[in-house]
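Data first, discussion second: the structure below is written as structure tokens.
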Amino acid sequence: MSPAVASSGSAAEKVAELQARIRGMQRTRVDSHGLPTAPEIASLLGGPLRAGSAYSVPDSVALATAMMAAPSAAGVWCAVVGMPSFGVEAAAAAGVDLERLVFVPDPGDQWLTVTAAVADVVGVVVAVPPARVAPAEVSRLGARLRGKGSTLIALGDWPQSEATLRVSGSEWVGLDAGSGHLQARRVTVTVNARAGAGRPRSASLFLPDADGRLRRAERVPAAWQSPASVPLREQSPAAVPQREPQPLQQPEPHEPQVAPLRALVS
Amino acid sequence: MTAVSGATPTRTLIVWCPDWPIAAWCREMGAGALSSEGSTIALVERGEVFACSLPARAAGVRRGLRVREAQSRCSELIVEAYDPAVDARAFEPIILALEEVVPGIQVLRAGMCAIRAQGPSRYYGGEQSAGELLIDTLARFGIHDARIGIADGIFAAEQAARVPGTEMVRVVPAGRSAEFLAGLPVELLGRAELNPLLHQLGVHTLAQFAALDPVSVRDRFGEDGAFCHRLAAGLDGRDVTARVPPPQLDCRVEFETPLDRVDQVAFGFRQTAERFVATIAEARLVATAIRVEVHTDDGRRTGRTWLHPRWFTASDVLDRVRWQLQGGHGIDAGLAAPVVSVSVSPESVDRALNHEDGLWGGGPDESIHHGFSRVQSMLGHEGVVTAVLTGGRLLSSRSVLVPWGDLPPGGEKELARRRQLPWPGSVPGPLPSTVFEAPVPVLVRDAGGRLVDVDGRGILTGEPVVFAAGIGERSGGSGEHPVRSWSGPWPLSERWWEDGARSINRFQLVDALGRAWLLILAEHEWWAEALYD
Chain P
1 MSPAVASSGS AAEKVAELQA RIRGMQRTRV DSHGLPTAPE IASLLGGPLR
51 AGSAYSVPDS VALATAMMAA PSAAGVWCAV VGMPSFGVEA AAAAGVDLER
101 LVFVPDPGDQ WLTVTAAVAD VVGVVVAVPP ARVAPAEVSR LGARLRGKGS
151 TLIALGDWPQ SEATLRVSGS EWVGLDAGSG HLQARRVTVT VNARAGAGRP
201 RSASLFLPDA DGRLRRAERV PAAWQSPASV PLREQSPAAV PQREPQPLQQ
251 PEPHEPQVAP LRALVS
Chain B
1 MTAVSGATPT RTLIVWCPDW PIAAWCREMG AGALSSEGST IALVERGEVF
51 ACSLPARAAG VRRGLRVREA QSRCSELIVE AYDPAVDARA FEPIILALEE
101 VVPGIQVLRA GMCAIRAQGP SRYYGGEQSA GELLIDTLAR FGIHDARIGI
151 ADGIFAAEQA ARVPGTEMVR VVPAGRSAEF LAGLPVELLG RAELNPLLHQ
201 LGVHTLAQFA ALDPVSVRDR FGEDGAFCHR LAAGLDGRDV TARVPPPQLD
251 CRVEFETPLD RVDQVAFGFR QTAERFVATI AEARLVATAI RVEVHTDDGR
301 RTGRTWLHPR WFTASDVLDR VRWQLQGGHG IDAGLAAPVV SVSVSPESVD
351 RALNHEDGLW GGGPDESIHH GFSRVQSMLG HEGVVTAVLT GGRLLSSRSV
401 LVPWGDLPPG GEKELARRRQ LPWPGSVPGP LPSTVFEAPV PVLVRDAGGR
451 LVDVDGRGIL TGEPVVFAAG IGERSGGSGE HPVRSWSGPW PLSERWWEDG
501 ARSINRFQLV DALGRAWLLI LAEHEWWAEA LYD
């Protein structure tokens, strides 16, 4: 973030750049290091997930899980607070290591105490905040997070969040009127950084793709465009683990899926 | 080999409690439960009877019988699983009581122990009276059918104790053990592979076996055969090696006035917990598993074993006592019956050396454990869980939640095995990110406004057009929505071979908000199993 970059550009760009500089200077903590982050998320946030910050993901458990996956795979302990119906298998498929994932399904009326105690020891906490949280409590938890360098992903609105990630325009691939099965979802994820920290960024992502992971959807693999090869799986080594084709309980799994696919691609 | 060739047999006293597994099981069940004299009980191991009570034996039940066969011989047979830990646990206080009367006891197995006869017989004025004293000691513990055999060597004494009859103490005079053993069958040596061979050779009694040439026996049957040969000749060279009594590590607290509140009991137990951990620490040990037993006013006893991923500190012990008492209720909840006493004993210990902190504290996992233990003491044992994937048809049964610090039920291996099974009917494609604990009622209607259903042939009565769910406030979507796309029915028959059988149909459905649902149609009612959000 060098000041010399502002050689050309309009006033708006200048403002954005200055705001970025201010934001950079506000983060005065020396050890506010970045967590390992999936490249799709990092490009949306304009950098990695920051240790000691809070992120708000109001409407998608899958997105919160995807944000947790990269740190978890890199050896960070994660916790899920207040979500008794968290899809464990989907999390495992998304790349979360269950060996280092701990659940507090029902914190009861001690949400703040429990979340703070958990945040003391783990790197990433995914939590559903209660409908009303007092501003003082938000600040206390925020201070606790900064002190311990752990990241909160709040499944709901969180006043002091570093960024809010919203999912819009869900388009499911693979399901038709009466046939097919869900294969992947194409969504637009929009990131609003904290007030005055730049314009919202958005990207089109597959959440989840056929392997249950997060994937960029800008460029649709050529294979998808030919009606003959429908399986939504990129032929790249990144698409591990390769799941075996599953025995389906449906009449014709392939044929009717062509139409929605094409609609998406065009 | 424990044999010492050439040594003269030690004069040995054997205390034998017949059918100990049954007696131990009855003791474990507590007072007021079944008695080994009155009920037909069988303990089974791997589908075969391991031990049975006297009335069961009278009804024809034998050790080694298959359970079904045993039940057909005795219809009111109570069948329970055999647990060797119970045997050992119940025998421990009896050994302690015997050790107060005679020192130097060797426990041969649970229910049988050996003592050198020389000392007690001199002290108590004869072998017969020493034996009677031990019988009296056991009677005080409610063991009325114990037998005592005194002879030269452990083997002969054991056979003397086992001779059928009503007399409690059998003494084989010194030097006449070979004579006593002579008429007994070779099966008593307990070598299954030896018996048919010896019978083929025309050797049926111990005397006949003892008469064989020792060198030929060694050549033909090896070292173990030679050892058996010496046993048969009454030349049991094994000495009684007295056990070193283990340090008393278990602690117990009695409440003069029975307490009926969890916090009172926890407070009353605090010092005992500290003493317990200190005693273990003095022995340079740490406890990695403990057993907490609670006696209540109404004569009942509840015991549970608690594991610890590292080792127990005093507050950990206290937490476990509290969790066991409250059993899912709050801290200030009343108890079913007032608590008379609480005891805690180490179930497995380890050298403290292996658990010492490093010079700069332990690893990162240690702080994680402390953090979660804190949350557990706030919310209870089941408040903090980890998830293990396993097999199953419905999504909610495909993962098991295990309390922090516990082992998964059935063990890691069993879960892994279930995970490998094919589970036909599993959901294809990516998995839903929200799996409801219990299915949530929803509505699916066709164009005519009727509830969509599946007829007896598995055909839909109409196309799903409208979908309504009472949940999903986060996406702002309760109320009715048009259906965008759907698929199904995918039939799934669960446990058709037993009572809990049910047949359900699964559907996937995307509503107008773009939310994808995994739905279940069971008994003409619609439920949401999971949500892809």
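Top line first, the protein sequences correspond to chains P and B.
The first sequence begins at 1 in the numbering used here and counts up by one.
The second sequence begins at 1 in the numbering used here and counts up by one.
Note that the Cβ used here is the ideal one computed from N, Cα and C, for glycine as well.
Taking L389 of chain B as the centre and dropping the five residues before and after it, the same chain places the C-beta of R398, S399, R419 closer than 7 angstroms to its C-beta, in chain order. Listed in chain order, the positions of the segment 164-186 of chain P with a beta carbon within less than 9 angstroms of a beta carbon of chain B are V167, S168, G169, S170, E171, W172, G174, L175, D176, A177, G178, S179, G180, H181, L182, Q183, A184, R185. Secondary structure of Q508 of chain B (DSSP, three-state): strand. Under the Cβ criterion of 8 angstroms, G391 of chain B is not counted among the residues facing chain P. In this chain, the alpha helix (DSSP H) harbouring S121 of chain B covers 118-123.
Inclusion of Y82 of chain B and V44 of chain B in the CB contact set at 8 angstroms is warranted, their separation being smaller than that value. In this structure, DSSP gives T8 of chain B a state outside helix and strand, which the three-state scheme calls coil. For E412 of chain B, the uninterrupted alpha helix (DSSP H) segment begins and ends at 411-420. Using a Cβ-Cβ cut-off of 7 angstroms, D120 of chain P is close to G371 of chain B, given in chain order. Within the same chain, and ignoring the five residues on either side of T288 of chain B in sequence, the residues whose Cβ sits closer than 6 angstroms to its Cβ are H308, W311, S348, D350.
Using a Cβ-Cβ cut-off of 8 angstroms, V262 of chain B does not count as an interface residue toward chain P, since no Cβ of chain P sits closer than that to its own.
The three-state reading of DSSP puts E158 of chain B in helix, counting H, G and I together.
In this chain, the beta strand (DSSP E) harbouring G180 of chain P covers 180-193. If you look at H229 of chain B, you'll find it in the alpha helix (DSSP H) that goes 214-232. At least one C-beta of chain P is nearer than 8 angstroms to the C-beta of Q508 of chain B. Proximity of chain B to S60 of chain P at the Cβ level (cut-off 8 angstroms) is accounted for by S433, D533, in chain order.
For T137 of chain B and C26 of chain B, the gap between their C-alpha atoms comes out near 19 angstroms. When B:G462, B:Y532, B:V265 are compared, the shortest CA-CA separation from L395 of chain B is found for B:Y532.
Rounded to whole angstroms, the gap between the alpha carbons of S53 of chain B and C113 of chain B is 21 angstroms. Residue environment for V244 of chain B: exposed (fewer than 16 other C-beta atoms within 10 angstroms of its C-beta). Listed in chain order, the non-local C-beta contacts of E254 of chain B below 6 angstroms within the same chain comprise S341, local neighbours out to five positions each way being set aside.
Excluding sequence positions up to five before and after A283 of chain B, its CB lies within less than 6 angstroms of the CB of P247, all in the same chain and listed in chain order.
By DSSP's assignment, P173 of chain B forms no beta bridge with any residue. Nothing from the segment 297-319 of chain B brings a Cβ to less than 9 angstroms from some Cβ of chain P. Under a criterion of Cβ atoms nearer than 8 angstroms, the residues of chain P adjacent to L401 of chain B are, in order, F103, P105.
When 7 angstroms is used as the limit between beta carbons, R398 of chain B is near these residues of chain P: E89, in chain order.
At a cut-off of 8 angstroms between C-beta atoms, W77 of chain P counts as an interface residue with respect to chain B. If you look at R304 of chain B, you'll find it in the beta strand (DSSP E) that goes 301-307. Counting only Cβ-Cβ distances below 9 angstroms, G268 of chain B has no contacts in chain P at all, with the closest Cβ about 26 angstroms away. Against chain B, the CB of L98 of chain P has a partner CB under 8 angstroms away; the residue lies at that interface. DSSP places C26 of chain B in the helix class (H, G or I) of the three-state scheme. The beta carbon of G383 of chain B sits closer than 8 angstroms to some beta carbon of chain P.
In the DSSP annotation of this structure, the continuous segment of the alpha helix (DSSP H) that includes V67 of chain B starts and ends at 67-73.
For the pair C78 of chain P and V138 of chain P, the CB atoms are not nearer than the 8 angstroms cut-off. Note that the C-beta distance between S150 of chain P and A51 of chain P is below 8 angstroms.
Exposed is the label assigned to Y123 of chain B, since fewer than 16 other Cβ atoms lie within 10 Å of its Cβ.
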